[in-house]
Every structure is written in structure tokens, then in C-alpha cells.
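Going by our numbering, the first residue of the sequence shown is number 30, and it counts up by one from there. The beta-carbon is built from N, C-alpha and C at its ideal position, and this holds for glycine as well.
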Amino acid sequence: MMVNQPSLLLWTSALLAAAAVCLLRFSWGRALRSAPLNAAAWGLLAFALTMGMAGGGAWGVAMVTLAALAMAFCCLALAAATAPPGKTGASNRRAHMLPEGQEPLRIGGRMVSFLLSVPGAMLVALILGLAARGTARALGAHEADGNVLMLFLMPLLWAVMAMLILLWPQRRRQVGLLTAPALLGLAMLWMVRP
């Protein structure tokens, strides 16, 4: 039975990616982390991804990534199953989720935080995604490539903006975080309009 070259290259790169994850886990599990082992593991993973790209393009990269993630899952599952139980119990403190005693509920402030971080950040992320799509199309990218770019950027930017909004307690910063990118995205959309 003959194995074709791209298939052999994909299998080899997937095995190398799994080995890279094992090497990384070994390096991180030592008492003192080793920079040469870390560099070797990351280098091996980069080499495996490059081989996957050579053997199968985007599909090859996806398969190599899947092999690396599956091995990482196995390493973490094994570590979780064999880890000794913790010496201390879980903390009983609440991270300001609900007010203590007679403190006000601050329903209005909580509602504003929700509106800024969920629909507000989503709308700004959508504007930026559409602006990136329009810019890509204006620079000569195919329509499908522009759509993929938009579909990649929108949830990523939404998550980052929502996280930053929830981390910054000042409303002025939260609103500024949404306003500046929204204005930039709208300006980009206006410049690349058909």
C-alpha cells in the first residue's frame, strides 16, 4: 500500500505537534523551567505547523492544531486526575457580586455596565469588522476573504472590548473605549464606501 506524500507529511506534522506539546508540558512540570526546553518545544510546534501548511495548506494547519490541542487536553486531563487534593478549601468570599447588608443594589449602574459591554461592544466590534471587510475589498481582496476577516475580527474584538469595559470602573473610560474605535470604524467605512 502506497501512502501519498501530503498525507505522510500531515501525519508526521501532527505527531510532531503532539510531541511538542508533551515536551512543553514536561518543561513546565519541572521544578525550574528550562528556557532551552521551552524554546525547543515552541520551535518544534512552529515547525510542525509549517509542515502542516506545506502538506495541506489551511486544512493541514487545522489538522496539526487539532493534534496539538488533543494532546494538550490529554496532558491536562492526566494532570487533573493525578493531582493531589488541595490543602485549603474554596474561598467563601464573594467578589462584590451582590451588595453586603444595607448597601444599595446599584441596579442602574449594573444595567449600564451590561449595556456597554454586551450590545455596545458588539455594535462597535461589528462596525470595526465591517470596516476591515471594506478595507480588504478596497485593497483587492476577494469578497469571501473579506467576509472571513469580518467574521474573525468581530467576535474577537467584542470579547476584548467587553473584557476591558468590565475591568475599567470609570464610566468615562468605558464610553471612550467604545466611542474612539466606533468613530475610527465609521471613518474607515465612509472612506471605502462603493
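Query raised in the report: When the distance is taken between beta carbons, is residue 53 closer than 7 Å to residue 68?
Result: no
Query raised in the report: For the alpha helix (DSSP H) that residue 222 lies in, which residues bound it at each end?
Result: First-last for residue 222: undefined, no H or E at that position.
**Report entry** Helix, strand or coil at residue 63 [DSSP, three-state]
**Finding:** coil
Query raised in the report: Would you say residue 49 and residue 74 are within 7 Å of each other, going by their C-beta atoms?
Result: yes
Query raised in the report: According to DSSP, is residue 88 helix, strand or coil?
Result: helix
Query raised in the report: Does DSSP put residue 35 in a helix, in a strand, or in coil?
Result: helix
Query raised in the report: According to the Cβ coordinates, are residue 82 and residue 47 closer than 7 Å?
Result: no
Report task. Please state whether DSSP places residue 30 in a helix, a strand or coil. Result -> Confidence is the limiting factor: at residue 30 the pLDDT is only 49, short of 50, which leaves the residue's position unreliable, though a coordinate-based value still follows. Reduced to three states, the DSSP call for residue 30 is coil.
Query raised in the report: Is residue 155 closer than 7 Å to residue 192 when the C-beta atoms are compared?
Result: no
Report task. Would you kindly check if the distance between the Cβ of residue 39 and the Cβ of residue 72 is under 7 Å? Result -> no
Query raised in the report: Can you give the Cα-Cα distance for residue 215 and residue 157, rounded to whole angstroms?
Result: 8 Å
Query raised in the report: Taking the Cβ atom as the reference point for each residue, do residue 223 and residue 153 lie within a distance shorter than 7 Å?
Result: no
**Report entry** Proximity to residue 150 [Cα-Cα], best of 189, 105 and 110
**Finding:** 189
Report task. Check residue 224 in the structure and name its three-state DSSP category. Result -> Any question about residue 224 goes unanswered here, given that the chain covers just 30 to 223.
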